[in-house]
Amino acid sequence: DTEVTQTPKHLVMGMTNKKSLKCEQHMGHRAMYWYKQKAKKPPELMFVYSYEKLSINESVPSRFSPECPNSSLLNLHLHALQPEDSALYLCASSSAGGGSPLHFGNGTRLTVT
Amino acid sequence: GEDVEQSLFLSVREGDSSVINCTYTDSSSTYLYWYKQEPGAGLQLLTYIFSNMDMKQDQRLTVLLNKKDKHLSLRIADTQTGDSAIYFCAATYNNAGNMLTFGGGTRLMVKP
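Residue numbers (the numbering used here), protein chains in the order written: chain B, -14 to 98; chain A, 23 to 134.
This is the structure we're talking about:
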């Protein structure tokens, strides 16, 4: 069982919908991450939060909006997505120190219709 | 930037050893990781090695690091059908905090 919990497991949304992905960890980690993974590809970094502040945005389109309400929670708000945004969205967390391994959740499988 | 390469596919028989290889380009890579991904699941951290180590063993898993050749390998002893998955090598380096550069993944198929 993973110690990073993501909800929902699956999400189908239309291009005009607004939805949110949620991630929670209780390992005391102060760094949290969003990754996007397309089929048969490695994960691609989207955002990094360190001590609840956005530290890295990998040039992600504004239709993806991250939020870190507290040290245990990470959200990804979705609006006006495109079919090519369909993917597995993975949340991860780590200690803030350099080299600390990332622990991943099981992801949310997103389908945009 | 860092580039991490892996072979695409490996097939072994149950009970044999599996060796999954990875090469990286940035000699300042400080931590190297192996993750396992089963179908429909997230990435499971298997093991990791610091760049000042040559080898790390953890039960059936052995990681070997050749810094001169920038080559990392993961050996799985007594491979089981439950080991069938995609294995990702990843590297991070000093000036990138915990940002990972992933290889493309190696699909391991274990035949009974």
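Glycine included, C-beta positions come from ideal geometry on N, C-alpha and C. All figures in this text were calculated on a predicted structure; none of them were measured in a lab.
Along the chain, where does the beta strand (DSSP E) that runs through residue 97 of chain A open and close? From DSSP, the beta strand (DSSP E) with residue 97 of chain A extends over 93 to 98.
Give the single residue among A:70, A:54, A:97, A:92 whose Cα lies nearest to the Cα of residue 123 of chain A. A:54
Sequence-distant residues of its chain with Cβ nearer than 6 Å to residue 131 of chain A (five each side left out): 33, 106
Hey, would you say residue 77 of chain B sits closer than 7 Å to residue 89 of chain B, going by beta carbons? The answer is yes: Cβ separation under 7 Å.
Below 8 Å between beta carbons is the criterion; list the residues of the stretch 57 to 81 of chain A that meet it against any residue of chain B, in chain order. 57, 62, 63, 64, 65, 66, 67, 70, 72
Is the shortest distance between the beta-carbon of residue 13 of chain B and the beta-carbons of chain A less than 7 Å? no
Distance, residue 71 of chain A Cα to residue 77 of chain A Cα: 8 Å
Residue 92 of chain B and residue 159 of chain A - do their beta-carbons sit closer together than 7 Å? Chain A is shown only over 23 to 134; residue 159 of chain A falls outside these bounds and no answer can be derived.
Below 8 Å CB to CB, which residues in the same chain sit around residue 60 of chain B once its five sequence neighbours on both sides are set aside? So the list reads 5, 6, 7, 8, 51, 52, 53, 54, once near-sequence residues are dropped.
Identify the contact partners of residue 32 of chain B in chain A, using a Cβ-Cβ distance below 8 Å as the criterion. Within chain A, no residue comes near residue 32 of chain B; the closest Cβ sits about 11 Å away, beyond 8 Å.
I want to verify the contact list: residues of chain A whose CB lies under 7 Å from the CB of residue 127 of chain B, in sequence order. Lying outside -14 to 98, the shown extent of chain B, residue 127 of chain B is not represented and no answer is given.
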